[in-house]
Each structure stands twice: as C-alpha cells, then as structure tokens.
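**Q** First the structure, then my questions, so here it is.
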Ligand code: ADP
Ligand code: G6P
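Residue numbers (our numbering): 61 to 555.
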C-alpha cells in the first residue's frame, strides 16, 4: 500500500484494532484481533502511514493496565504492524463504559441507524453517559494531537473520527483546540447506514447529535443515499442552509462538506492469503459448500438465512448429502439482550434443522460460534461454492468483498442482499431479498447449479472492480476530500 498523506493522522474510534487480554494467572497481556468492518479497513491505513490510534482496549479502569503489548510474531491480522507507541488506550470505569457502549451505542444507535426502531431503547442516563464518554475521548485525542505537533510542528494534524460511538466528540476537540490556539482538520466517517429523517427524529436528542457530527469539517458515508439523508436531517431538524448539489451544510458560520466514500478491503492481501492458505474442504468434487461469515448480529439476517436453507432442502432434495451450509458467527456484544436472545434462537434453529435432515454421513449445517484465523477464513472464501451475504440492513459489508478477492480457483457465486451497501455496486452478484423465504431458496438453488461460464463471467467482473476500488482507493478518496478542507476550514460559507 502506498499512501501519501501530508497530515499526520490520528484515528479516533471506539475500539483499538485489538483487544488486550490479561492472563488471570500470570498477569501477562496479549493482543487479540477485534473482528469488524471498521478495524479491517482502517488498521492497515494507520500501520502504513505511521499514524496514531485512540480507542478502547477491551479493559477498564478497574483492570489497571500498565502497558500495551506488542503483537506476536505469528500475527497475520491487519493490526500486526501497529506498534504500541502508536496507540493511546481509553480506559473508563466499567459502569460508565457499559452505559455508553451497551446502553447507548448498541441498544439504541445500532438498531435505530439500521432502521429497526422497534429494537431501539431510548434512555436519558445512557445518552448522558454517551456525552461524557465522548468528552473523555476528546481529551485523550488532544494527547495525540500534541504528540503530532511535537513530531511535526509545521503540519496540521488530521483527526479522523469513526462511527456511531463518537458522534459527539468533534465539538469538544474543536473547543479545546480553539482555547489552545491549535489548528486541526477534522473528518468523521460513519461505518453504518445513515437512516432517513423519519427515523432520526425518533431519537429524543437528535439535534444535539447532528450538531455533534457537524463539529467536523468533512463528513463521510458509504453511499450517496446516506449523504442525502444526513443533509436532509440537518436541514429539517436543525434548519441549516444546505447546498444539496455541492453537498455542503452551513453550521455555526462554517461550511461542512459531505462525501460518499464507499469503504473497501486490502484486496491484494486477501488474494495473497488465498494463495497461501491450505485446502479447506476435502472431497470437493462431491460436496458443495455454502458459506456465511458474520458477527452474530440481528442485522445480518441469520435466522432468515437458515430458514431459507431449510426451504432449499425441502424444495430441492437433490442437495441433501451434497450441500453443506458452513456458518461462522463471531460472538458480538454479548452483554446486550437482543444479541443473547438471537444466540439462543440460532442454536435452536440449527439444532432443529440438523435434527430433521442429518443422515449417517452428513449434517446440513456446520455452525461455528467463534472467529477463525485469517488463513482459515481465506481458505473457506476460496473453496466455497457460494457465499451467502444476506443482511436485512448493512452499511457496506466487507465479507462480500473479501469473498470475491479470495476466489482465485474455481469461480463461485456471491448471493447478495440489496439491503447491504455493497449491493449497490456489486451488481454481478445474484441479488436476493432475504425477507421472502421461497425466493431466497430458489436463488440459492440457482447459485448452486449455475453453469461455469456464467459463474466465471460474473466473478471476473466482480473481482476486476474490487481490485481497483480497494481500501487504498478509498483512503485516497478520503484524503482528497480532506485536502480540499484547507480552503473549507477558512469558513467558505454557502452563497
Ligand atoms: P460488520 O462491520 O458489521 O462486522 P463487515 O462485513 O463489514 O460487517 O465486516 C466484518 C469483518 O469482520 C470482516 O473483515 C470479516 O472478515 C471479519 N469477520 C466477521 N466474522 C468473522 C469470523 N467469524 N471470523 C473472523 N473474522 C470475521
Ligand atoms: C461494526 C461497527 C464497528 C464495530 C464492529 C464490531 O463494524 O461499524 O464500529 O467495531 O461492528 O462491533 P463491536 O461492538 O464489537 O466493536
């Protein structure tokens, strides 16, 4: 990856790109990779540019961590090259962190922004914890800003704030910088969908939230549609003057620019992993593998996926003993009720379907509740016949892109939901609406029986696009949008 950034970069995200684990007997600290789209995309960028990363370490103030461990020599995750002196850990009291992360971010913003308001829980004390934690992040970000100025006094640092956990941080940073007479450029990127005005206004503190985001100079979303929604909200909820064509919003005598910046993956790294990974499937000629790789999250549509697979076996019994669904579901947000309930529901469905169809030589579903190594993941992506990427709603979805990058042998088929951001550009995938079970089963059947030439044609085109529009392309676009800030910083207001 060759990235030229004129500004020293400070990434501010809820999580560090790894979790620190403490051995309860020896007290030894080690790093564990944190799975998720944000980390996969942003970590290589920080490693490459020698930037700094402010984020939660997975531990709390009460755990009293003294140092950040270096990565182990056999670490192949995207965070492997991140040195401990590039990391500023955020350690907060357990209760406060819990209210902010589980109570506000995951029980309220996550479902709301995925347009599932019935699942969202609105509670004032959780919002207050969110505001307080965002202020704490801002203070620690200032440590990083000071470090940047010590290293490169002539360069204005870029503070790049990520995701729905930190929508209220920018104003604090702006105020401290004003007090200290320091200049920074501030960009925000949202890794999840930005919903329509009609959903956002359900949040009781929507205007504060929008003003929080507008503390930045530049705001990025995956899709044009999310940009439109954001601009619309600023206009209708805050009464801001907006220029929809130029995607500018006027706020507090500044103009904030809004950019569609679809995120992607380190494509070449996945190709290389696929080339090096050992065989994933034995007797491949007799067996076809359907693959699902997701965090265990209700937005990913796993219940509907399993039910569609069951329907497939009912409608097309020729697949019995020939096709296996391998679902790798990485545990996620296990302290939140919705996630605990989903885990139970999935256990039951898998048990029921396997109980119904298993024969002495075959089980229809292999279900791994856990994460797999990057080598194993690449091998599954490469050797699967079909990947099922069928979320009910998803900001982008990187699994779809990782799958096509790893398809270096016999071409497989990507089955993709149009409700994932990736569905907008990955047009050669087989599209499926995951809400309707029969259609879903028929699309899986079509994917499993697709002739070689059609598979090859679709996969070649998908791979060509993803190779060009990889994470480096995304980062260059982000930096371009930030470079244009030099003029925008000096209050280029709407005319
Ligand atoms: P989200 O950001 O909602 O988690 P994405 O599909 O955009 O969804 O990103 C998920 C990332 O996490 C991908 O890079 C994927 O490789 C990784 N990941 C997801 N599930 C697993 C798993 N079970 N084991 C290892 N990595 C996983
Ligand atoms: C999504 C979010 C990220 C988050 C990741 C994993 O990708 O956009 O911000 O880090 O899910 O979720 P977690 O709650 O474990 O950080």
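We put the beta carbon where it would ideally sit given N, CA and C, even for glycine.
Predicted model only: the values in this text are computed from it and were never measured.
On the DSSP bridge assignment, give the partners of residue 246 in chain order.
**A** Along the chain shown, read from residue 1 onward, the residue named residue 246 stands at position 186. BP columns for residue 246 point to 219.
**Q** Per DSSP, which one or two residues make a beta bridge with residue 447?
**A** As a first step, residue 447 is located in the chain shown; it is residue number 387 there, counting from the start. DSSP lists 351, 474 as partners of residue 447.
**Q** In terms of residues, what are the limits of the beta strand (DSSP E) holding residue 387?
**A** On the chain shown, residue 387 is found 327 positions in, with the first residue counted as 1. Unbroken beta strand (DSSP E) run through residue 387: 383–390.
**Q** Using only CA atoms, which one of 398, 143, 501, 101 lies nearest to residue 375?
**A** What you label residue 375 is simply residue 315 of the chain shown in a count that begins at 1. Among 398, 143, 501, 101, the Cα nearest to that of residue 375 is on 501.
**Q** What residue does the alpha helix (DSSP H) around residue 291 start on, and which one ends it?
**A** Working through the chain shown from its first residue, we reach residue 291 at position 231. Element bounds for residue 291: 284–298.
**Q** At which residues does the beta strand (DSSP E) containing residue 485 begin and terminate?
**A** The residue you call residue 485 lines up with position 425 of the chain shown. Note, residue 485: premise wrong, no beta strand (DSSP E); alpha helix (DSSP H) at 482–485.
**Q** Going by C-alpha to C-alpha distance, which of 498, 69, 191 sits closest to residue 229?
**A** Mapped onto the chain shown, residue 229 falls at position 169. The option with the nearest alpha carbon to residue 229 is 191.
**Q** Return the Cβ separation of residue 147 and residue 196 in integer angstroms, given the expectation that the two are a contact with Cβ distance under 8 Å.
**A** Sequence index remark: in the chain shown, residue 147 carries index 87 (1-based). Sequence index remark: in the chain shown, residue 196 carries index 136 (1-based). About 16 Å separates the beta carbons of residue 147 and residue 196, which is beyond the 8 Å limit, so they are not a contact pair.
**Q** Look up residue 44 in the DSSP assignment and say whether it is helix, strand or coil.
**A** Since the first residue shown for the chain is 61 and the last is 555, residue 44 is missing from the structure and cannot be characterised.
**Q** Going by alpha carbons, who is nearest to residue 276 out of 508, 72, 485, 530?
**A** Looking up residue 276 in the chain shown gives position 216. Comparing Cα positions, the closest option is 72.
**Q** DSSP on residue 535, reduced to helix/strand/coil?
**A** As a first step, residue 535 is located in the chain shown; it is residue number 475 there, counting from the start. Reduced to three states, the DSSP call for residue 535 is helix.
**Q** What do you reckon, is the C-beta of residue 147 under 8 Å from a heavy atom of the ligand ADP?
**A** Within the chain shown, residue 147 is the residue found at index 87, counting from 1. No, since every heavy atom of the ligand ADP falls outside the 8 Å radius drawn around the Cβ of residue 147.
**Q** Using a threshold of 8 Å, is the CB atom of residue 462 nearer than that to any non-hydrogen atom of the ligand ADP?
**A** One-based indexing of the chain shown puts residue 462 at position 402. At least one heavy atom of the ligand ADP is nearer than 8 Å to the Cβ of residue 462, so yes.
**Q** Going by CA-CA distance only, name the one from 160, 391, 349 that's closest to residue 181.
**A** Taking the chain shown and counting its residues from 1, the one referred to as residue 181 is at position 121. Ranked by Cα distance from residue 181, the options 160, 391, 349 are led by 160.
**Q** Go through its chain and collect everything with a Cβ distance to residue 469's Cβ below 7 Å, but skip five positions before and after it.
**A** By 1-based counting over the chain shown, the position of residue 469 is 409. The residues are 442.
**Q** Got a sec, what are the start and stop residues for the alpha helix (DSSP H) residue 317 sits in?
**A** Along the chain shown, read from residue 1 onward, the residue named residue 317 stands at position 257. Residue 317 -> not in any alpha helix (DSSP H); beta strand (DSSP E) instead, spanning 314–320.
**Q** Determine the direct distance from the alpha carbon of residue 232 to that of residue 475, and round the result to whole angstroms.
**A** The residue given as residue 475 occupies position 415 in the chain shown. The residue given as residue 232 occupies position 172 in the chain shown. Each residue's CA atom was taken as its position, placing residue 475 and residue 232 some 43 Å apart.
**Q** May I ask you to list the residues that DSSP assigns as paired with residue 69?
**A** If you number the chain shown from 1, residue 69 lands on position 9. Residue 69 pairs with 218.
**Q** For residue 471, count neighbouring Cβ atoms within 10 angstroms of its own Cβ and tell me buried if that reaches 16, exposed if not.
**A** Locating residue 471 in the chain shown gives position 411, counting from the first residue. Answer is buried; the Cβ neighbour count reaches 16.
**Q** Name the two residues that bound the continuous alpha helix (DSSP H) containing residue 415.
**A** Position 355 of the chain shown, counted from the first residue, corresponds to residue 415. 397–417 is the extent of the alpha helix (DSSP H) around residue 415.
**Q** Assuming residue 517 is part of the alpha helix (DSSP H), what are its boundary residues?
**A** Along the chain shown, read from residue 1 onward, the residue named residue 517 stands at position 457. Unbroken alpha helix (DSSP H) run through residue 517: 512–528.
**Q** Going by the beta-carbon positions, is the gap between residue 311 and residue 253 smaller than 9 Å?
**A** Here residue 311 corresponds to residue number 251 of the chain shown, with the count starting at 1. Here residue 253 corresponds to residue number 193 of the chain shown, with the count starting at 1. Taking 9 Å as the Cβ cut-off, residue 311 and residue 253 do not qualify as a contacting pair.
**Q** Taking only the alpha-carbon atoms, compute the straight-line gap between residue 114 and residue 142 and give it to the nearest angstrom.
**A** For the purposes of this step, residue 114 is taken as the residue at position 54 of the chain shown. For the purposes of this step, residue 142 is taken as the residue at position 82 of the chain shown. Rounded to the nearest angstrom, the two C-alpha atoms are 12 Å apart.
**Q** Taking only heavy atoms of the ligand ADP into account, decide whether any of them is closer than 8 Å to the Cβ of residue 227.
**A** In the chain shown, residue 227 corresponds to position 167, counting from 1. Not under cutoff, so the answer is no.
**Q** Would you call the region 298–307 and the region 247–261 touching, i.e. three or more CB-CB distances under 8 Å?
**A** Between the region 298–307 and the region 247–261, the count of C-beta pairs closer than 8 Å stays below three; the two stretches do not touch.
**Q** To the nearest angstrom, how far is it from the Cα of residue 202 to the Cα of residue 236?
**A** Taking the first residue of the chain shown as 1, we reach residue 202 at position 142. Taking the first residue of the chain shown as 1, we reach residue 236 at position 176. About 8 Å.
**Q** Using a Cβ distance threshold of 8 Å, determine whether the region 327–334 contacts the region 353–367, with at least three qualifying pairs required.
**A** Touching, no.
**Q** Out of curiosity, what's the CA-to-CA distance linking residue 131 and residue 440?
**A** Here residue 131 corresponds to residue number 71 of the chain shown, with the count starting at 1. Here residue 440 corresponds to residue number 380 of the chain shown, with the count starting at 1. In a straight line, the C-alpha of residue 131 is about 25 Å away from that of residue 440.
**Q** Which two residues bound the contiguous beta strand (DSSP E) that contains residue 90?
**A** On the chain shown, residue 90 is found 30 positions in, with the first residue counted as 1. Its beta strand (DSSP E) spans residues 89–93.
**Q** Among the candidates 101, 137, 153, 90, whose CA atom is the shortest distance from the CA of residue 121?
**A** One-based indexing of the chain shown puts residue 121 at position 61. Measuring from the Cα of residue 121, the nearest candidate turns out to be 153.
**Q** How would you write the range of the alpha helix (DSSP H) that residue 233 sits in, first residue to last?
**A** What you label residue 233 is simply residue 173 of the chain shown in a count that begins at 1. Start and end: 230–240.
**Q** Within 8 Å: the Cβ of residue 325 and any heavy atom of the ligand ADP?
**A** Locating residue 325 in the chain shown gives position 265, where the first residue counts as 1. Yes, since a heavy atom of the ligand ADP falls inside the 8 Å radius drawn around the Cβ of residue 325.
**Q** Over the uninterrupted beta strand (DSSP E) stretch that includes residue 308, give me the two end residues.
**A** Locating residue 308 in the chain shown gives position 248, where the first residue counts as 1. Run containing residue 308: 308–311, per the beta strand (DSSP E) assignment.
**Q** According to DSSP, is residue 555 helix, strand or coil?
**A** Position 495 of the chain shown, counted from the first residue, corresponds to residue 555. With a pLDDT of only 49 at residue 555, under the threshold of 50, the placement of this residue in the model should not be trusted; the figure read from the coordinates follows. DSSP places residue 555 in coil when its eight states are reduced to three.
**Q** Is the beta carbon of residue 251 within less than 8 Å of some heavy atom of the ligand ADP?
**A** Here residue 251 refers to the residue found at position 191 of the chain shown. The answer is yes for residue 251.
**Q** In whole angstroms, what separates the C-alpha of residue 183 from that of residue 533?
**A** Counted from its first residue, the chain shown places residue 183 at position 123. Counted from its first residue, the chain shown places residue 533 at position 473. Rounded to whole angstroms, residue 183 to residue 533 spans 40 Å at the Cα level.
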